[in-house]
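Presented below is the structure to which this report refers.
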Amino acid sequence: MGAFSDVVPEEVGQRNGSVAAGRDHPLYAAAFTETYFRAAGEILAVRPGSSEPDISATLLKRHYGLTGSIATLSSEVERTAEVNLSDGRQLILKMATRPEAVDSFRFQSAAIAGLEGARGFVAPQAIRTINGALMFEQEGVCGYLQTRIEGMPLHQAMPTRDLLFRTGSALARLDLALDRVSVPAAHRPVLWHVGCWSRLKELEQYLPSGTVAGSVRVAMGEYVEFVEPLISDVAWQVTHNDPSPFNVMVTNQGMGFIDSAMAAGAPGSRIWRSRQAML
Numbered sequence: 190m191g192a193f194s195d196v197v198p199e200e201v202g203q204r205n206g207s208v209a210a211g212r213d214h215p216l217y218a219a220a221f222t223e224t225y226f227r228a229a230g231e232i233l234a235v236r237p238g239s240s241e242p243d244i245s246a247t248l249l250k251r252h253y254g255l256t257g258s259i260a261t262l263s264s265e266v267e268r269t270a271e272v273n274l275s276d277g278r279q280l281i282l283k284m285a286t287r288p289e290a291v292d293s294f295r296f297q298s299a300a301i302a303g304l305e306g307a308r309g310f311v312a313p314q315a316i317r318t319i320n321g322a323l324m325f326e327q328e329g330v331c332g333y334l335q336t337r338i339e340g341m342p343l344h345q346a347m348p349t350r351d352l353l354f355r356t357g358s359a360l361a362r363l364d365l366a367l368d369r370v371s372v373p374a375a376h377r378p379v380l381w382h383v384g385c386w387s388r389l390k391e392l393e394q395y396l397p398s399g400t401v402a403g404s405v406r407v408a409m410g411e412y413v414e415f416v417e418p419l420i421s422d423v424a425w426q427v428t429h430n431d432p433s434p435f436n437v438m439v440t441n442q443g444m445g446f447i448d449s450a451m452a453a454g455a456p457g458s459r460i461w462r463s464r465q466a467m468l
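In our numbering, the protein residues as written are 190 to 468.
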């Protein structure tokens, strides 16, 4: 990780709206380097420490003064737990022991906190520690706590025109809100970043045969041919980066977005600004 951090401009942590678009944008410059790609690949290649003892309850009590029933959820790298409090509140606790998780959690918790008060979509709320911090660090363990969004995942809903329109409108509003968010560690390596796409072709040999693999190869080829040559002219900002049908929720309050683990600096939606009143 040291080699990567040495080549990333410090101004990456500044407010994204004040930085120029395209190749002059530090988020762009970092994401398209070979160092970035290798660092991101190494992070994802490490297996999560599933054999480590579960200290979720201890961390919850020590840093937030809360107790409740805890259930471990599926996750790729960090440990994610669902917390049910006695008063009916449902929370999500994320924690990890890996050093690179510190930057990732700093980014995620700050991005979530930066969306407080935003309108037009539903997002989790960051729960601060007893000391008022967005995340905790203790003896090699770090993490943060957020509220849980209740609703139906988009992939389980009937894809009507109205639902798809509301999803697109909510995503545009989310991007507009994230464009105004200032976050630390915006340079952290994320393998599923648009800057890594052309290099991910190295891994296509591991795709299982079938229609999905074919679609992936077509998408990657079209990106390299049509998108990558023009992407330097696009304005960059912090984005969710993974608004898949599994991370979009249909709720009574509107369309919600969960799982900011893959959020990153990427081409944004500033083109929507002139149409914001129409959304």
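C-beta atoms are modelled at their ideal positions from N, C-alpha and C, and glycine is treated no differently.
Span of the alpha helix (DSSP H) around residue i
i    : result
R251 : S245 to Y253
T400 : T400 to E411
G303 : A290 to G303
Y225 : E223 to A234
Status (buried if at least 16 other CB within 10 Å, exposed otherwise) for residue i
i    : result
Q335 : buried
G445 : buried
Y395 : exposed
T349 : exposed
G410 : exposed
Any non-hydrogen atom of the ligand SAH closer than 7 Å to residue i Cβ
i    : result
L389 : The ligand SAH is not among the ligands present in this structure, which contains no ligands whatsoever.
Coil, strand or helix - residue i by DSSP
i    : result
T356 : helix
S421 : helix
G309 : coil
V439 : strand
A374 : coil
Q314 : coil
V163 : This structure cannot speak to residue 163, because the chain is shown only from 190 to 468.
Neighbourhood of residue i by C-beta, 6 Å cutoff - its chain only, sequence neighbours within 5 removed
i    : result
A270 : S245, I259, T261 and L282
Beta-carbon separation (whole angstroms), residue i vs residue j, contact threshold 8 Å
i    : j    : result
A452 : N430 : 5 Å
A312 : V372 : Actually they do not touch by this definition, with Cβ atoms about 14 Å apart.
A220 : H382 : 5 Å
Where the beta strand (DSSP E) containing residue i begins and where it ends
i    : result
I282 : At residue 282 the sequence reads Leu, which differs from the Ile that was named. Segment Q279 to A285, the beta strand (DSSP E) holding L282.
L262 : G257 to L262
R388 : From DSSP, R388 is part of no beta strand (DSSP E) but of the alpha helix (DSSP H) over W386 to L389.
P456 : A453 to P456
L274 : R268 to L274
T336 : V330 to T336
F325 : F325 to Q327
Cβ shell of residue i (< 8 Å), same chain only, five flanking positions each side left out
i    : result
R355 : G443 and M444
R152 : Summary: the structure shown does not reach residue 152, with the chain confined to residues 190 through 468, and so no result is reported for it.
Neighbourhood of residue i by C-beta, 7 Å cutoff - its chain only, sequence neighbours within 5 removed
i    : result
D292 : A374 and R377
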